[in-house]
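Reading through the structure tokens given below for one structure.
4 protein chains.
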Amino acid sequence: MIRFDSDYTEGAHPRILEALKRTNFEQTNGYGDDVHCRRAAGLIRRECGTPDAQVHFLVGGTQTNLTVISSILRPYQGVLCACGGHIACHETGAVEAAGHKVLPLPDAEGDGKITAAQVREAVERHMSDVTREHTVQPGMVYISQSSECGTVYGKRELEEMRETCREFALPLFIDGARLGYALAGSGGELTLREIAENCDVFYVGGTKVGLLFGEAVVITNPALTRDFRYMMKQRGAMLAKGRLLGVQFEEAFSDGLYYEMSAHAVNEAARIKQALTRRGIPLLFDSPTNQLFPILTREQQEALSCKYVFSFWQHVDEQRDAVRICTSWATPGESVDELISDISEL
Amino acid sequence: MIRFDSDYTEGAHPRILEALKRTNFEQTNGYGDDVHCRRAAGLIRRECGTPDAQVHFLVGGTQTNLTVISSILRPYQGVLCACGGHIACHETGAVEAAGHKVLPLPDAEGDGKITAAQVREAVERHMSDVTREHTVQPGMVYISQSSECGTVYGKRELEEMRETCREFALPLFIDGARLGYALAGSGGELTLREIAENCDVFYVGGTKVGLLFGEAVVITNPALTRDFRYMMKQRGAMLAKGRLLGVQFEEAFSDGLYYEMSAHAVNEAARIKQALTRRGIPLLFDSPTNQLFPILTREQQEALSCKYVFSFWQHVDEQRDAVRICTSWATPGESVDELISDISEL
Amino acid sequence: MIRFDSDYTEGAHPRILEALKRTNFEQTNGYGDDVHCRRAAGLIRRECGTPDAQVHFLVGGTQTNLTVISSILRPYQGVLCACGGHIACHETGAVEAAGHKVLPLPDAEGDGKITAAQVREAVERHMSDVTREHTVQPGMVYISQSSECGTVYGKRELEEMRETCREFALPLFIDGARLGYALAGSGGELTLREIAENCDVFYVGGTKVGLLFGEAVVITNPALTRDFRYMMKQRGAMLAKGRLLGVQFEEAFSDGLYYEMSAHAVNEAARIKQALTRRGIPLLFDSPTNQLFPILTREQQEALSCKYVFSFWQHVDEQRDAVRICTSWATPGESVDELISDISEL
Amino acid sequence: MIRFDSDYTEGAHPRILEALKRTNFEQTNGYGDDVHCRRAAGLIRRECGTPDAQVHFLVGGTQTNLTVISSILRPYQGVLCACGGHIACHETGAVEAAGHKVLPLPDAEGDGKITAAQVREAVERHMSDVTREHTVQPGMVYISQSSECGTVYGKRELEEMRETCREFALPLFIDGARLGYALAGSGGELTLREIAENCDVFYVGGTKVGLLFGEAVVITNPALTRDFRYMMKQRGAMLAKGRLLGVQFEEAFSDGLYYEMSAHAVNEAARIKQALTRRGIPLLFDSPTNQLFPILTREQQEALSCKYVFSFWQHVDEQRDAVRICTSWATPGESVDELISDISEL
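Residue numbers (the working numbering), protein chains in the order written: chain A, -2 to 343; chain B, -2 to 343; chain C, -2 to 343; chain D, -2 to 343.
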């Protein structure tokens, strides 16, 4: 079986493994206080154009989300996010376990994104409520780039969100588990600079973009940096051999490897998308990244499922379901060729 | 101004105050370990027909909800409730602050209630999800009797809910902040016995039904009784002079005072309802209890608002809003007479 | 039996009950937004000489401690306090349940108090630890006035503590559950002004000083006032009929009733102390307030225990235990006369 | 500089890296649901002689401790542990952030261990307290094997602890971050079987024993297994590419690699210990594992510190401090030879 069901089915890019091997017997301090973490942080700061940002390395996404969010909110505050957002749906209530309500906003466009107008409306509604002390106060905004639906916030959308958040003094946090794919899919509109400029804190996802594991948190708002490492340690998010994270990100941000891996996945997805469109198969969302959501009939699903693994996404009608097809840094071009050929024969 | 905006605008029934005065210089143990708490618990157990139930006295509703819920759930579990339920909307995230997600169910009928079928559907959906470990597990059900909309779960509805909860091993918790009004409004269908038989834990509301303050938690499921007093103490819900709660509930359940106070409010509300209907004013919900939700034009609202205080409930259309009219154990018949007369002249 | 085992064995001063009765049928807003709460807050601000302080009314001590502490600390911070402090020992881990470690300091003098030097030492030790991110950061200081041992921080001690706390930017919180007795026992050295001037937040205890219940939180540091009512609501600490608290504190701070009640208890305790000393019975602590800790032989304990109730405090040696004798606003002079006479015959 | 300051200064044993490389392009399910995790779990179950135990793979120690502990305790319960235990001192209040008090027991022998008698005494004291509801209930016991001081609980000690815990229905949790070194240092007295038989849940530490990272939790008590994966996910402790953990533990438990790595560290430490003893340098604890705590004069420290890195442990007297010397699976024999030679010349 050829798997297209997620972007974390393989290990890591060979260069990443090689870097781990090369540095294996170096003796370093633990907990991220080592030369590799420092160099990796420097490389990321340079890419972001933010010489003063704090960069911290954590292991995985849920851990990162809960650590960042609980470091920002006061106890009675909640986090605004899309109703389908990862923290709202797929983290077993990690944010609530840290004491905070997730405040879901309806997904108006059905594309996994929220708008600045929605944030404004939610905050103004809260502020105008005379009994607002009886309700959870919106304390920050969380968005995913790319979103759960593979869609991307454009530069203008980000700027608007940022402006609205500033107006209401709401920190804006971008979950970048798939940030590489979002940048690659933005058609040149977005680089790390635009991301860094348009939020208070975000992370550069490694787990889904070619590293064994690892997420690089970048805090650009100095008001949010205080004692972040205490938070990491308390949440079990400070890796003893922190240098493993440093080594991986150092390699990923040397010679553009991170971008290369991201572009590969997005290009392969684009080829599949083209094949689907050619075959007349509609897409649930028009995603420019590594996730595609074609709407397939039961027969089409059966035909493909003897050879490929997808994940079920949602029922569409009596005859059809949307499925998720995911490429990654590791997807072999030949697998895509094969899939394209099989799509054309559906 | 005559206030009809809530059922806690006054102090307590004179008999309650008298009982506090009568017992004022008795010396008792603190923390609910006194003869008045024991007698009150005995009276309540008798009314419920549950000689083995545990009865605990707490001060207010939010405190009671968070103490009961956090004593039942495991960390990764959430509580199913109506999307407009008090714990979902009006407790500043108290349940989340205790670590648990509130799992709102849509209010299908628009009457503030949820159904057994909704609970079944939510649990079965969770259980059939292969990635369910990534989502919050439904761990109990919370309903309010009467609901936020003044409506009442009938006997059959409660039995169905209870049955479904048993099937899925979900404790059922009834928020009875307005339980007296629900019983009085049920037209004889419900007594404390039916309530006690059809849930695992509930409370008999005192704050809104003629006491200064106080909620009597009745735990009928022995599996939920363990160490409940530790939970109370930890949550700041164990009153030092616990006997104040005992004295009040003892008085309320002597000679039927609790029922008498409840019936008064419901009867006065029924008179207002009749006047509204006579005048052709529609009601947002058909509530049989002490809360009415008439839909008034702006002109009607203005006409009444020079003399009466209501609370705004929601916009209905360009011309009209629903408002909440609340009677209580303390509402003077003359105030209602006056209101009725003014309604007839709208 | 005559009880001297605590200062919350009775209800409330008759004037307090009378005030509740007098105001019983007034219709007011809920949740502390009423004329009585406003007036009571004004009276307390005036006594404190802090026209800008926020005053909030809560129901009980544990609730107040957990609400104040969790409103101040960041998640990785803990609260410094005496190892025998109420939050460290007698609140079932309420502070921990809110996510924070209690950082106990040894009770060097054995009198229930901690010193500015101890606070300095703890903070400097933390700051000088290169791995401090792996340990809980001291985030505030909690002291009780009077302490668990009935002792009182003198003006100079408070000023030193305050100064040290300022130096390290640690908010200082004074638990004043027995504040009235501390002021009365300070021999004129302390008034509410000195308390207000020498901390960031404190409370004026009502439950143990003649009210039915109630603690008035006074926040003098504007940095700590933000959104405190959200915190109260979330913790179940916002009483629906908030005016009950306002009415009681309004009465207590009219015509000096609070001070009168406090002085009564302290004077009666002083008479007992004199009798003990005369009889040659040693005291475990030299407390100037309403709590005495005489060291009695088993025979002495037996002799008194047929008529009086004390509480056991601790074993002292083979023959003797320290017990706690507590007077209160409610202690009848005749009971004390009787006890004095019986002490003299031991 | 040659570093002896911790057992996590290097990466991983080459065979571990090799296994990661070998399996790198396999496509597997995420989140630990893969063939490598299954095989690794099987190997560990076999070593433990517990065919029915649950085995879960987590990333690091603090994460594991907080996940296991918060899955066991009810909200008002705390965890008994040595006052110097890792959870008490070096996890930034992670257990408290999960809502639970750590209940430290004094380190009677000064060796980092607690005794069954201490546990019994603490529980009996709690149970005999009539106001125990006002205090945190001991809910489980946590010990570290080897301890923070490098010492090891012998078989008889473990059995006694286990017996006492059973008597009081307290789950016993063994933190095995350095379990390999404890087994190797036990002189054959202990194997994984003895560990598994004498507790309810423990973990086999990988991070400090030759893996890149990873801790294998073994739950032998079926009552504690329920929904553990939900807990993992909620705490951010479920690695997306879970197979990385499976691959590493699979390799570690093939051909005895785990034992081999452990034995290497312990043997090298023993050689250093011998050299210290020969030179007349006292040890703070008599540790049979990979951690040594020699007491060195300032001169001796200076002499060694130009070439070696140790960590400071504690002041002993005016002239001397205890330092920690740590060997690991990675310590080269030649480095030890050099150190031995330098010790002999002190």
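For every residue, glycine included, the Cβ atom is placed at its ideal position computed from N, Cα and C. Please read all numbers here as calculations on a predicted model, not as lab measurements.
Once you ignore the five residues that flank Ala9 of chain C on each side, which residues in its own chain have a CB closer than 7 Å to its CB? Once the five neighbours on either side are set aside, the close Cβ partners of Ala9 of chain C are Gly207, Leu208 and Leu209.
Which residues of chain B have a Cβ atom closer than 9 Å to the Cβ of Asp224 of chain D, listed in chain order? Going along chain B in sequence order, the residues near Asp224 of chain D (Cβ under 9 Å) are Arg71, Tyr73, Gln74, Glu130 and Gln134.
List the residues that DSSP assigns as beta-bridge partners of Cys323 of chain A. Under DSSP, Cys323 of chain A shares a beta bridge with A:Gln288.
Helix, strand or coil for Ile140 of chain B per DSSP? It is a strand residue.
Nearest to Leu289 of chain B by CA position, among B:Gly58, B:Arg43 and B:Gly147, is which residue? The closest CA to that of Leu289 of chain B, considering only B:Gly58, B:Arg43 and B:Gly147, is found on B:Gly147.
Residue closest to Thr204 of chain C, alpha-carbon to alpha-carbon, out of C:Glu93, C:Trp326 and C:Asp2: Taking only the C-alpha atoms, the option nearest Thr204 of chain C is C:Trp326.
Buried or exposed for His97 of chain A, please, with buried defined as at least 16 other CB atoms from any protein chain shown within 10 angstroms of its CB. Buried, because 16 or more other Cβ atoms sit within 10 Å of the Cβ of His97 of chain A.
Residues in its own chain within less than 8 Å of Asp318 of chain D by CB, not counting five upstream and five downstream? Excluding positions up to five away in sequence, the list reads Ile292, Leu293, Arg295, Gln298, Phe309, Trp310, Gln311 and His312.
Indicate the three-state DSSP secondary structure (helix, strand or coil) for Gln271 of chain B in the structure shown. Three-state DSSP puts Gln271 of chain B in a helix.
Tyr73 of chain D - DSSP class collapsed to helix/strand/coil: In the structure shown, Tyr73 of chain D adopts coil according to DSSP, grouped into three states.
Exposed or buried, Glu118 of chain A, counting other C-beta atoms within 10 Å across all chains shown (16 or more means buried)? Result: exposed.
Val306 of chain D to Arg122 of chain B, Cα distance in whole Å? Whole-angstrom Cα-Cα distance: 57 Å.
Interface positions of the region 80 to 95 of chain B facing chain A (Cβ-Cβ less than 9 Å), listed along the chain: Listed in sequence order: Cys86, His87, Glu88, Thr89, Gly90, Val92, Glu93, Ala94 and Ala95.
Exposure label - Ala351 of chain B; buried when at least 16 CB within 10 Å: Summary: the structure shown does not reach residue 351 of chain B, with chain B confined to residues -2 through 343, and so no result is reported for it.
Distance check for Asp4 of chain A and Gln74 of chain C, CA to CA, integer angstroms please. For Gln74 of chain C and Asp4 of chain A, the distance between alpha carbons rounds to 38 Å.
Can you tell me whether Ser67 of chain C is helix, strand or coil according to DSSP? DSSP, read as helix, strand or coil, puts Ser67 of chain C in helix.
Using the C-alpha atoms, what's the distance from Asp172 of chain A back to Val320 of chain D? In this structure, the CA atom of Val320 of chain D is about 43 Å from the CA atom of Asp172 of chain A.
Please state whether DSSP places His97 of chain C in a helix, a strand or coil. Three-state result, His97 of chain C: coil.
When the Cα of Val133 of chain B is compared with those of D:Tyr227, D:Glu331, D:Ala300 and D:Gly107, which residue comes out closest? Selected option, being the one with the closest Cα: D:Tyr227.
Is the region 77 to 87 of chain C touching the region 243 to 254 of chain C, taking contact as three or more C-beta pairs under 8 Å? These segments do not touch.
According to DSSP, Glu212 of chain C sits in a beta bridge with which residue or residues? In the DSSP assignment, Glu212 of chain C forms a beta bridge with C:Leu55 and C:Gly202.
Can you tell me where the alpha helix (DSSP H) holding Ile41 of chain D begins and where it ends? From DSSP, the alpha helix (DSSP H) with Ile41 of chain D extends over Val32 to Cys45.
Under 8 Å Cβ-Cβ, which residues of chain C neighbour Phe22 of chain B? Close to Phe22 of chain B, with beta-carbon spacing below 8 Å, are these residues of chain C in chain order: Glu7, Gly8 and Ala327.
C-beta neighbour in chain D for Ile269 of chain A, strict 9 Å: Interface criterion not met: the Cβ of Ile269 of chain A is under 9 Å from no Cβ in chain D.
Between His350 of chain D and chain C, is the shortest Cβ-Cβ distance under 9 Å, so that the two count as touching? One cannot answer for residue 350 of chain D here, as it falls past the ends of chain D, which runs -2 to 343.
Hey, is Tyr227 of chain B's beta-carbon within less than 9 Å of any beta-carbon in chain C? By this cut-off, Tyr227 of chain B is an interface position.
Taking DSSP's pairing of strands, which residues face Leu102 of chain D in a bridge? Answer is D:Ala79.
Determine, using beta-carbon pairs with one atom in the region 225 to 242 of chain D and one in the region 53 to 67 of chain D, whether at least three such pairs fall under 8 Å. In short, these stretches touch, since the Cβ pair count reaches three.
Do the region 9 to 21 of chain C and the region 26 to 46 of chain B touch if we need at least three Cβ pairs shorter than 8 Å? They do not touch, by the three-pair rule.
Flag Met137 of chain D as yes if its beta-carbon sits less than 9 Å from any beta-carbon of chain B, otherwise no. It does not; no Cβ of chain B falls within 9 Å.
Locate the alpha helix (DSSP H) running through Ile111 of chain A, then write down its first and last residues. No alpha helix (DSSP H) contains Ile111 of chain A, which DSSP labels as neither H nor E.
From the DSSP output, in three-state form, read off His87 of chain D for me. Here His87 of chain D sits in coil by DSSP.
Under the three-state DSSP convention, the category Ile278 of chain C falls into: Residue state, collapsed to three classes: coil.
The alpha helix (DSSP H) with Leu336 of chain B in it runs from where to where? Counting along the chain, the alpha helix (DSSP H) containing Leu336 of chain B begins and ends at Gly330 to Ser341.
Ends of the alpha helix (DSSP H) at Ser302 of chain D? Its alpha helix (DSSP H) spans residues Arg295 to Ser302.
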